[in-house]
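Taking it in order: structure first as structure tokens, then the write-up.
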Ligand code: FES
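Laid out in structure tokens, this is it:
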């Protein structure tokens with residue numbers, strides 16, 4: 002494992018889900034198992050090798066569920082011209098090793114014993130599948146899934162979903178929407194699907210951007226409270242999240258703020274130079290805070306400010322409701338006040 006927490010995982014199996022989607026079943030090494038615990042709906046960041054040792058990184062949602070599946074599993078659908086998805090679908094074989102960052106992300110339910118309304122478009126089913134399996138593994142909780150696809154042959158996990166519906170009568174309802182039959186789902190049609198379930202405990206939405214925007218509007222129309230809606234947005238990564246952290250500049254006691262960070266039940270107190278993002282500070286001090294993109298685009302590094310104030314250099318992913326609850330991005334936060342307290346737990 003490197004200073005960034007990246008580690009090599011072994012590809013145990015490659016599953017052909019549809020003509021253009023593959024699942025990679027991945028085993029983390031024993032010594033890194035504790036770093037690869039995860040919550041349903043989270044994602045992994047994979048290093049995609051390039052020519053001459055260069056590489057890029059891509060985030061892929063986990064379709065496996067903790068406590069249900071023995072190994073981690075990500076499901077990847079080819080994107081036209083997509084370097085990462087096509088490389089994976091064309092090249093990855095059982096026995097290969099891949100460099101990955103530990104699971105991260107906020108697309109995960111607070112509780113799994115309530116009623117969930119789930120919207121998935123295409124490969125957006127991946128984190129939703131993880132949530133469904135985790136929910137059904139508990140004695141209580143139910144979910145309604147509205148699942149949009151181009152046509153029948155592009156429905157990922159069709160048989161698995163059928164099996165789950167049969168094995169858990171009354172707990173999972175799946176409503177398929179096929180563009181080949183019904184056309185593109187409109188806001189009005191989506192609102193009609195959402196309306197009977199508008200008072201669900203939470204709504205999760207994952208899919209192509211136009212689909213997610215249409216669902217968000219449909220949920221507003223149906224009357225689902227905004228703070229119950231969780232949307233998964235991935236942006237392309239331009240930086241290298243696998244790069245070792247820069248050394249933190251030396252500062253005199255007066256020139257730095259002080260930050261107390263709670264992470265995995267431990268408290269750390271550190272001098273925090275005013276120009277240094279919190280994530281860089283933690284990594285440079287050997288504290289393995291979660292992250293993926295390191296450029297304000299994924300929310301893997303989200304933490305809550307409980308005292309003091311920080312400012313974010315960039316934020317492409319947290320919404321106003323998140324900010325109002327004190328969420329900030331560790332990779333983009335620098336101190337404003339002399340004393341700051343932050344929690345990742
Ligand atoms: S690591 Fe992606 S937003 Fe900070």
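Numbering (the numbering used here), first residue to last: 2 to 346. Yeah, the Cβ is synthetic: ideal placement off N, Cα and C, and Gly gets one too.
Assignment of residue 131 by DSSP, reduced to helix, strand and coil, places it in the helix class.
Distance from the CA of residue 166 to the CA of residue 62, rounded to the nearest whole angstrom, comes to 22 Å. Residue 336 has 311 as its beta-bridge partners, per DSSP. Taking a C-beta distance under 8 Å as the contact criterion, residue 219 and residue 232 do not qualify as a contact pair. Here the alpha carbon of residue 221 sits roughly 7 Å from the alpha carbon of residue 227. In the three-state reduction of the DSSP assignment, residue 286 falls in the coil class. A distance below 7 Å between beta-carbons, with the five flanking residues on each side excluded, links residue 14 to the following residues of its chain, in chain order: 26 and 95. Distance between residue 323 and residue 329, taken at the CA atoms: about 8 Å. The alpha-carbon of residue 66 is positioned some 5 Å away from that of residue 135.
Residue 87 sits in a helix when the DSSP states are folded into three classes. Taking C-alpha positions only, residue 262 is separated from residue 105 by approximately 18 Å. Counting C-beta pairs with one atom in each stretch, the stretch 67-76 and the stretch 130-144 have three or more that are closer than 8 Å, which means they touch. Residue pairing of residue 148 in beta bridges, as defined by DSSP: 121 and 177. With 16 or more other CB atoms across the displayed protein chains lying within 10 angstroms of its CB, residue 117 is buried.
Look at the beta carbons and you see the stretch 271-286 touching the stretch 332-344: at least three pairs across the two are nearer than 8 Å.
Membership of residue 297 in any alpha helix (DSSP H) is not indicated, and neither H nor E is assigned to it by DSSP.
Residue 101 sits close to residue 46, with the two beta carbons spaced by under 8 Å. For residue 337, the number of other beta carbons within 10 angstroms of its own is below 16, and it is reported as exposed. A Cβ-Cβ contact shorter than 8 Å links residue 300 with residue 107. In terms of Cα proximity to residue 296, the closest of 84, 59 and 157 is 59. At least 8 Å separates the beta-carbon of residue 258 from that of residue 200. Our two residues, residue 51 and residue 314, have alpha carbons roughly 29 Å apart in a direct line. For residue 229 against residue 204, the beta-carbon gap comes to about 6 Å, under 8 Å, which counts as contact.
Short note on residue 294: C-beta closer than 7 Å to some heavy atom of ligand 1. Beta-bridge pairing by DSSP links residue 17 to 23. Checking the 7 Å criterion, the Cβ of residue 297 is within range of a heavy atom belonging to ligand 1. Excluding sequence positions up to five before and after residue 171, its CB lies within less than 8 Å of the CB of 143, all in the same chain and listed in chain order. In its chain, beyond the 5 residues on either side, 150, 152 and 153 have a beta carbon closer than 7 Å to the beta carbon of residue 179. Within the stretch 184-263, the complete alpha helix (DSSP H) segments of 4 residues or longer fall at 188-195 and 210-223, listed in chain order. Boundaries of the beta strand (DSSP E) around residue 105: 98-105.
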